[in-house]
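Counting from 1, one number per residue, gives the positions in the sequence shown under my numbering.
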Amino acid sequence: MTARVLDGKDQGAEETCPSKDRRRIAPGHVLDRHGLQIMKHTHPALRSLRKACSTPSLHGTQVWRSSYMLMEYLAAHPMSRGQRVMELGCGWGLLGIYCAKHFPVEVLLTDADAEVFPYAETHARLNRVQVRTEQVRFEAISEQRLREHDILLGADICFWPELTTELRRLIERALLLGVRQILLADPGRSTFLRLADDCERRFGARLVPLKTARRTGAGGHLLIIDGLGTGA
Ligand SMILES: C[S@@+](CC[C@H](N)C(=O)[O-])C[C@H]1O[C@@H](n2cnc3c(N)ncnc32)[C@H](O)[C@@H]1O
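And the structure:
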């Protein structure tokens with residue numbers, strides 16, 4: 001599958017999707033979180049997107065708070081120049097957009113649901129960053145794509161039992177293909193904790209409890225997998 005660039009020009013959104021219309025970005029309807037501009041539900045562009053585009057069907061319908069946990073972690077552990085970052089299950093893409101905005105890195109946003117990309121596109125434009133997108137399920141991410149990336153990130157992406165299995169397989173493949181770090185955040189769902197337990201045993205991963213600043217009010221866990229640990 002070909003990755004597409006979202007750069008505020010032709011974003012690859014549906015022809016009918018109003019996210020191509022720059023005039024609809026209204027500064028009064030945005031939240032500032034971790035230096036990111038995020039559309040409020042009242043934002044005219046968001047309202048237009050909801051009218052014109054199909055609704056994301058796998059919960060990619062908002063920014064989920066686990067994204068803020070990872071942003072806070074990354075603020076304290078910045079990415080170095082040239083890292084190639086892939087966000088898994090990106091939804092509106094704010095986590096990947098955060099990386100592109102704050103660090104000198106390349107970002108690919110991936111999701112199984114193509115309907116999330118107009119929302120990610122509009123946020124990329126609002127935050128003046130370039131990211132690429134690719135519609136792909138965890139299990140279908142190609143070897144080549146994994147080899148091309150140093151860091152995989154994901155927030156609140158392990159919410160069904162089958163996703164535990166898909167992500168376990170993806171993590172193993174990614175580490176074997178040389179991905180250097182995988183960072184996942186989650187509010188503490190049992191499906192995620194099972195994945196974390198497996199990764200701790202097999203890859204020497206660390207599960208870190210985290211509570212973010214009151215403003216974003218997120219709490220849960222980060223799973224930090226640093227390449228192939230001693231348990232592999
Ligand atoms: C709860 S949302 C989280 C979105 C985003 N990470 C955030 O924190 O705001 C879960 C996302 O995972 C995506 N997703 C679900 N199953 C997937 C799969 N098998 N492969 C890739 N993406 C998937 C959904 O489309 C959705 O965008």
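The beta carbon of each residue, even a glycine, is placed where N, CA and C say it ideally should be.
Since we're looking at a predicted model, the values are computed, not measured.
Buried or exposed by the 16-neighbour rule on C-beta atoms within 10 Å, applied to residue i
{"i": "histidine 149", "result": "buried"}
{"i": "glycine 89", "result": "buried"}
{"i": "histidine 234", "result": "The requested residue 234 does not occur in the structure, where the chain is confined to residues 1 to 232."}
{"i": "aspartate 197", "result": "exposed"}
{"i": "aspartate 32", "result": "exposed"}
{"i": "tryptophan 160", "result": "exposed"}
{"i": "glycine 60", "result": "buried"}
{"i": "threonine 55", "result": "exposed"}
{"i": "arginine 169", "result": "exposed"}
{"i": "histidine 43", "result": "buried"}
{"i": "glycine 154", "result": "buried"}
{"i": "histidine 77", "result": "exposed"}
{"i": "arginine 104", "result": "Here residue 104 turns out to be proline, not arginine, going by the sequence shown. Proline 104 should be labelled exposed."}
{"i": "histidine 221", "result": "buried"}
{"i": "alanine 213", "result": "exposed"}
{"i": "alanine 174", "result": "buried"}
{"i": "proline 118", "result": "buried"}
Residue i (DSSP reduced to helix, strand or coil)
{"i": "alanine 218", "result": "coil"}
{"i": "alanine 45", "result": "helix"}
{"i": "isoleucine 157", "result": "coil"}
{"i": "arginine 180", "result": "coil"}
{"i": "arginine 22", "result": "Because the pLDDT of arginine 22 is 48, which lies under 50, any placement of that residue in the model is unreliable, and the number read from its coordinates should be weighed accordingly. Reduced to three states, the DSSP call for arginine 22 is helix."}
{"i": "lysine 51", "result": "helix"}
{"i": "arginine 33", "result": "strand"}
{"i": "alanine 185", "result": "strand"}
{"i": "arginine 65", "result": "coil"}
{"i": "threonine 212", "result": "coil"}
{"i": "leucine 58", "result": "coil"}
{"i": "leucine 223", "result": "strand"}
{"i": "leucine 207", "result": "strand"}
{"i": "glycine 231", "result": "Any reading at glycine 231 must be qualified, since the residue scores a pLDDT of 43, below 50, and its modelled position is unreliable; the value itself is stated next. Looking at glycine 231 - three-state DSSP - the assignment turns out to be coil, as it is neither helix nor strand."}
8 angstroms contact criterion, which residue i and residue j should meet: CB distance rounded
{"i": "aspartate 226", "j": "alanine 185", "result": "Wrong, their Cβ atoms sit about 16 angstroms apart, outside the cutoff."}
{"i": "threonine 133", "j": "leucine 109", "result": "5 angstroms"}
{"i": "cysteine 199", "j": "leucine 177", "result": "Rounded, the Cβ-Cβ distance is 16 angstroms, inconsistent with contact."}
{"i": "isoleucine 151", "j": "methionine 79", "result": "7 angstroms"}
{"i": "serine 183", "j": "leucine 70", "result": "What sits at residue 183 in the sequence shown is leucine, not serine. Yes, they are in contact, since the Cβ atoms of leucine 183 and leucine 70 sit about 6 angstroms apart, within 8 angstroms."}
{"i": "glycine 91", "j": "valine 116", "result": "5 angstroms"}
{"i": "arginine 84", "j": "glutamate 106", "result": "5 angstroms"}
{"i": "cysteine 53", "j": "leucine 74", "result": "Their Cβ separation, rounded to whole angstroms, is 29 angstroms, which puts cysteine 53 and leucine 74 out of contact at 8 angstroms."}
beta-carbon residue i near ligand 3 non-hydrogen atom, thresh 7 angstroms
{"i": "cysteine 90", "result": "Because ligand 3 does not appear in the structure shown, any question about it cannot be addressed here, the ligands present being ligand 1."}
What ranges does the beta strand (DSSP E) occupy inside the region 74-151, keeping only unbroken runs of at least 3 residues that lie completely in it?
Within the region 74-151, the complete beta strand (DSSP E) runs of at least 3 residues are 84-88, 106-111, 131-135.
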